[in-house]
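Q:
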Amino acid sequence: METLKIREIASVKMLDIEMSEDEFDVCEKCLEYVLQSCSPDEIEQVSGATQEELEEIWRQMVATLRKHTDLREAPSISGIGV
Numbered sequence: 040m041e042t043l044k045i046r047e048i049a050s051v052k053m054l055d056i057e058m059s060e061d062e063f064d065v066c067e068k069c070l071e072y073v074l075q076s077c078s079p080d081e082i083e084q085v086s087g088a089t090q091e092e093l094e095e096i097w098r099q100m101v102a103t104l105r106k107h108t109d110l111r112e113a114p115s116i117s118g119i120g121v
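Each residue of the sequence shown is one higher than the last, beginning at 40 in our numbering.
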């Protein structure tokens with residue numbers, strides 16, 4: 040994984056990161072595990088995000104994987120009931 044560029048827009052840091060598909064897949068699976076295994080309070084404690092915010096990040100990751108991988112291998116969005 041490599042950081043290509045960091046820039047600030049308003050008060051938000053934007054990162055351009057190059058990572059392998061495997062690295063991206065691991066991150067997606069970790070988010071899925073947290074969403075399946077943790078209560079909303081635990082999610083907020085460990086991530087600093089609400090369950091809804093984390094679900095949206097996860098959905099965006101799944102959508103990205105589906106665009107760039109074989110659909111048979113991409114995770115199902117309905118797989119965790121979110």
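For glycine and all other residues, C-beta sits at the position ideal for the given N, C-alpha and C.
With a 10 Å radius around its C-beta and 16 neighbouring C-beta atoms as the bar for buried, classify Val85 as buried or exposed.
A: On the sequence shown, position 46 is the one that residue 85 refers to. That one is exposed.
Q: Compare the beta carbon distance of Glu60 and Met100 with 8 Å and say whether it is the shorter of the two.
A: Numbered from 1 along the sequence shown, position 21 holds the residue referred to as residue 60. Numbered from 1 along the sequence shown, position 61 holds the residue referred to as residue 100. No, Cβ-Cβ distance for Glu60 and Met100 is not below 8 Å.
Q: Smallest Cα separation from Leu54: which of Thr42, Ile82 and Glu62?
A: What you label residue 54 is simply residue 15 of the sequence shown in a count that begins at 1. The shortest C-alpha separation from Leu54 is found at Thr42.
Q: Start and end of the beta strand (DSSP E) containing Met100?
A: Start at 1 with the first residue of the sequence shown, and residue 100 comes out as number 61. Note, Met100: premise wrong, no beta strand (DSSP E); alpha helix (DSSP H) at Gln90 to His107.
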